[in-house]
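Just so we're aligned, residue 23 is where the sequence shown starts under this note's numbering, counting upward by one.
Glycine included, C-beta positions come from ideal geometry on N, C-alpha and C.
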Amino acid sequence: MTAFRSIFARPLTLAIASALVAAVPATLAAPASAQTASEIAQLDRAVAALRAISTLKADFTQTDRSGQAIRGELTLKNPGRIRFEYGDDTNLLVVSDGRALTLIDYDVQQVERWPISNSPLGALLDPDRDVRRYGTLIPTSNPNVISIEVSDSERPEFGRIRLIFLNSASAPGGMELVSWVALDSQNTRTTIRLTNHRYGMNVPNSTFRFRDPRRTTRRPG
């Protein structure tokens, strides 16, 4: 559990869980204003595809730089709600209620919260986030793939995250988010890959609540 807890634990120098963001020098990300009209159009297309999702469930695999992997199920509900439900052997839960991202560690009975606004993850969760300001299109060799790097050059401590989209006629907006990659201040890379996407199901808001381990040691429901 040490390696996986370190993926989500917040060092004092970071603003949010490092598996979903990463602290890197701002100079690694080109300013969005330098992009061409074509690049901005592709950026807008990917963002529109994200915003077109009402609800999503997908299996995820989270891999660290040493190749260790854990699996679980992601649930997304727009606007702003997300849940990472890990397998039985990983006693963690990560949820967003639309305002804050919360890490619940049932092994040590800890709960930590960070504002979504402090994170490039806001590109996924915040419908008001101007992704043109924070996002840079990264060239790929595959015309069916769009890669977007999201960071805030004025707040490098909030980190960098790279989102990978694939053209998909079955996905809302015609594009599917298939993975993202984060790199923290110690050059620790974390990759999350999504498979088995399902869209449009009913997801109650109660899905994004959690049992507080400070009051109970039961597993998340």
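C-alpha gap between residue i and residue j, whole angstroms
i	j	result
Ala193	Ser88	32 Å
Pro101	Val167	25 Å
Ser60	Gly196	18 Å
Leu123	Ala191	31 Å
Leu159	Arg237	45 Å
Ala71	Glu95	20 Å
Tyr108	Arg73	25 Å
Val225	Thr77	7 Å
Thr162	Ala68	14 Å
Asp81	Asn218	6 Å
Arg135	Ile183	19 Å
Asp66	Pro137	24 Å
Asn164	Glu198	15 Å
Ala45	Ile62	The predicted position of Ala45 is uncertain, since its pLDDT is 30 and thus under 50; a value taken from the coordinates is nonetheless stated next. Taking the straight line from one Cα to the other gives about 25 Å.
Under 8 Å between C-beta atoms of residue i and residue j
i	j	result
Ile214	Gln84	yes
Thr58	Lys79	no
Leu125	Phe232	no
Tyr203	Leu216	Reading off the sequence shown, one finds Val at residue 203, where the question assumed Tyr. Against a cut-off of 8 Å, the Cβ pair of Leu216 and Val203 comes out as no contact.
Leu188	Ile170	no
Tyr156	Val172	yes
Contacts around residue i, its chain only, beta-carbon distance under 7 Å, and the 5 residues preceding and following it disregarded
i	result
Ala91	Thr83, Gln84 and Thr85
Gly222	Ser76 and Thr77
Ser228	none
Asp111	none
Residue i, DSSP secondary structure in three states
i	result
Gly196	helix
Arg67	helix
Tyr221	strand
Ile138	helix
Ala59	helix
Arg211	strand
Arg231	coil
Thr73	A small correction: the amino acid at residue 73 is Arg; Thr does not occupy that position in the sequence shown. Here Arg73 sits in helix by DSSP.
Tyr156	helix
Thr83	strand
Ser201	strand
Beta-carbon contacts of residue i that lie in its chain and below 6 Å, excluding the five residues immediately before and after
i	result
Arg230	The amino acid occupying residue 230 in the given sequence is Phe; Arg does not appear at that position. The residues are Arg103, Arg105, Val117 and Asp119.
Lys99	Thr77 and Val225
Pro235	Tyr128 and Gln131
Arg220	Lys79
Gln64	Leu159 and Ile168
Arg93	Thr83 and Gly109
Own chain partners of residue i with C-beta closer than 8 Å, once the 5 adjacent residues on each side are dropped
i	result
Arg121	Gly102, Pro137 and Ile138
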